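The working numbering puts the sequence shown at residues 27 to 152.
For glycine and all other residues, C-beta sits at the position ideal for the given N, C-alpha and C.
Please read these numbers as outputs of a predicted model, since none were measured by experiment.
Below is one structure, written out as structure tokens; the observations come after it.
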Amino acid sequence: MNNVIFSLSTLLGTEVYSTKGMAIALLCDVVCNKDTGKITYFILCTGMQQEPESDPPEYFAVHHSFFYLSGEDEILTYSPKLGNDEHCFFLDLPEEYEDTEVQDIADFNSYLYTTASIAGHRSDND
27 MNNVIFSLST LLGTEVYSTK GMAIALLCDV VCNKDTGKIT YFILCTGMQQ
77 EPESDPPEYF AVHHSFFYLS GEDEILTYSP KLGNDEHCFF LDLPEEYEDT
127 EVQDIADFNS YLYTTASIAG HRSDND
């Protein structure tokens, strides 16, 4: 492992990419456990780069284990194959999110499949 120490603050506000290299969301926040300090969720927001008259952004809390840094530029990449059922839990969020609807990973995957054109395997026979 090279460069195992890095700053998450440099990634805040940057685009998150799919494994196919498509920008799918922005990293808006990092939520940590208040007792242990361990990272729990990345808060992703969508629609931030759209026109002002478009739908408001959606927010998703996704467990950090679904992400990795790729390439020389250390781009934050989301892969639905990384996590497992144990990483799909949804805990309470900090008070700052009381008035914000924050969705879970199942909703994020649905968003990707329907909105971001990140489709699963397609056969030419379909």
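Residue i and residue j closer than 9 Å at C-beta
i: Cys71; j: Ala51; result: yes
i: Leu53; j: Thr40; result: yes
i: Phe68; j: Val128; result: no
i: Phe92; j: Pro83; result: no
i: Gly89; j: Thr62; result: In the sequence on display, residue 89 carries His and not Gly. For His89 and Thr62, no; Cβs fall outside 9 Å.
Limits of the unbroken beta strand (DSSP E) element including residue i
i: Leu102; result: 101–104
i: Leu119; result: Where Leu119 is concerned, there is no enclosing beta strand (DSSP E), given that its DSSP letter is neither H nor E.
i: Leu70; result: 65–71
i: Leu95; result: 93–96
i: His89; result: 85–89
Nearest-angstrom Cβ-Cβ length linking residue i and residue j, presumed shorter than 8 Å
i: Leu102; j: Val42; result: 5 Å
i: Val57; j: Pro120; result: 6 Å
i: Asp130; j: Phe116; result: 5 Å
Local conformation of residue i per DSSP, three classes
i: Asp55; result: strand
i: Glu41; result: strand
i: Thr141; result: coil
i: Leu108; result: coil
i: Asp150; result: Legend: pLDDT at Asp150 = 48, less than 50; position of this residue unreliable, value from coordinates given subsequently. Three-state result, Asp150: coil.
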